[in-house]
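Right, one structure below, let's go through it.
Number of protein chains: 2
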Amino acid sequence: MEGGKFKVEREMINGVQIHDLKQIVLPKGDLWHACKSTDEGFVGFGEVYFTQINKGEVKGWKRHNRYQLNLVVLQGKVRFVIYDGRTDSKTYGDLAEITLSPKDYYKRLTVPAGVWMAFQGIDDGVNMLMDLIPEPHDSSEADNKELDEISFAW
Amino acid sequence: MEGGKFKVEREMINGVQIHDLKQIVLPKGDLWHACKSTDEGFVGFGEVYFTQINKGEVKGWKRHNRYQLNLVVLQGKVRFVIYDGRTDSKTYGDLAEITLSPKDYYKRLTVPAGVWMAFQGIDDGVNMLMDLIPEPHDSSEADNKELDEISFAW
Chain D
350 MEGGKFKVER EMINGVQIHD LKQIVLPKGD LWHACKSTDE GFVGFGEVYF
400 TQINKGEVKG WKRHNRYQLN LVVLQGKVRF VIYDGRTDSK TYGDLAEITL
450 SPKDYYKRLT VPAGVWMAFQ GIDDGVNMLM DLIPEPHDSS EADNKELDEI
500 SFAW
Chain U
350 MEGGKFKVER EMINGVQIHD LKQIVLPKGD LWHACKSTDE GFVGFGEVYF
400 TQINKGEVKG WKRHNRYQLN LVVLQGKVRF VIYDGRTDSK TYGDLAEITL
450 SPKDYYKRLT VPAGVWMAFQ GIDDGVNMLM DLIPEPHDSS EADNKELDEI
500 SFAW
């Protein structure tokens, strides 16, 4: 049973970054930025895919051992919780959470390799995020834990 | 006033490709593939962004002169119409259309540089697509035409 002290979003886990993204309002339909190759936090393109998370459900915990993730929520609202289990990290043992939504907090979340993450659907409708990873998906690079193995009050 | 003969989707414009994509049904929320670096049609990563198109509205015509586009519709339904104005193309003068939707036709559409494209929102709600381009966006690489400059019965 791991756990840790909770930190508010702007005192994030070491290496976790929150980047501003533009939503450009246009008469025929808006244009939303997501990620450029020149952006901070981008480390290469291997795959982009979409994940949905139903209201109240949590996917995780998962730790990517090679991938730095870039995450953008496109629909609904998604709560991300990150736990730093890297013993050599200056934020070792810390937990942090951030909730993203295109309606009121449209940001790109960069999550470094080596930390644990879980995420929860918040809205009644579809909660969907884009995940951009630096290699085509390879399930062998990730580790999983049961939800109750890292203590967090979901 | 340009125009051309109409072709059904599977006799597409030269270089236009429609790729199957998986939608993996999962109990807590589905996972939808979009694009991998190893996929046919992928030619490099410069930027990924999202475009919405309101019902009945049309964005276009636009011709990208350097970018090959990879397009995935995530929400609603979007109709794409492509006109081949490349005088050295074996499909010169042809028009083709394809309608994508995550509900009943979830595919990745690859559009080569040099053709004209316009797209229309079909559903009442949000119609949103992902566009993956091989360079960070540069408006100087594209040309635009008014909608009535290429004849199509929208």
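Heads up: the protein sequence lines correspond to chains D and U, in order.
Positions in the first sequence are counted from 1; adding 349 to them yields this note's numbering.
Positions in the second sequence are counted from 1; adding 349 to them yields this note's numbering.
Every residue gets a Cβ at the ideal spot worked out from N, C-alpha and C, and that includes glycine.
A quick note: this is a predicted structure, and the numbers were derived from the prediction, not measured.
Cβ neighbours of Lys404 of chain D within its own chain (closer than 6 Å, five residues either side excluded): Gly470, Asp473.
For Asn493 of chain U, not one C-beta of chain D is nearer than 8 Å to its own C-beta. Between Lys456 of chain U and Ile367 of chain U, the gap from beta carbon to beta carbon is short of 8 Å. Considering only U:Leu423, U:Leu444, U:Gln417, the residue with the shortest C-alpha distance to Val430 of chain U is U:Leu444.
Residues of chain U with a Cβ closer than 7 Å to the Cβ of Thr440 of chain D do not exist, since the nearest Cβ in that chain sits about 28 Å away.
Rounded to whole angstroms, Lys452 of chain U and Val422 of chain U show a C-alpha spacing of 10 Å. Membership of Arg457 of chain U in the beta strand (DSSP E) is indicated by the continuous run 456 to 460.
The C-alpha of Pro485 of chain U lies about 37 Å from the C-alpha of Lys494 of chain D. Remark: C-beta atoms of Gly442 of chain D and Thr400 of chain U do not approach each other more closely than 8 Å.
With a beta-carbon spacing of about 20 Å, Leu481 of chain D and Trp410 of chain D fall beyond the 8 Å limit used to define contacts. Of the candidates D:Leu478, D:Asp369, D:Arg415, D:Gly434, the residue whose Cα lies closest to the Cα of Ser488 of chain D is D:Arg415. Looking at the DSSP output, Leu420 of chain U bridges to U:Leu458, U:Asp480.
With the criterion set as a beta carbon lying under 9 Å from some beta carbon of chain D, the members of the region 377 to 393 of chain U are Lys377, Gly378, Asp379, Leu380, Trp381, His382, Ala383, Cys384, Lys385, Ser386, Thr387, Asp388, Phe391, Gly393, in sequence order.
Between the C-alpha atoms of Thr440 of chain U and Asn363 of chain U there is a straight-line separation of about 6 Å. With its beta carbon less than 8 Å from one in chain U, Ile402 of chain D belongs to the interface.
The Cβ of Gln417 of chain U sits no closer than 8 Å to any Cβ of chain D.
Taking the Cα positions, Leu380 of chain U is about 12 Å away from Lys408 of chain D. In this structure, U:Gly434 is the residue among U:Ile447, U:Gly434, U:Leu478 with its C-alpha nearest to the C-alpha of Trp465 of chain U.
Residue environment: Tyr454 of chain U is assigned as exposed (fewer than 16 neighbouring CB atoms within 10 Å of its CB, all protein chains considered). Under a criterion of Cβ atoms nearer than 8 Å, the residues of chain U adjacent to Leu481 of chain D are, in order, Val397. Residue pairing by DSSP places Trp465 of chain D opposite D:Arg412, D:Tyr432 in a beta bridge. Per DSSP, the unbroken beta strand (DSSP E) holding His368 of chain U starts and ends at 366 to 369.
Looking at the DSSP output, Trp503 of chain D bridges to nothing.
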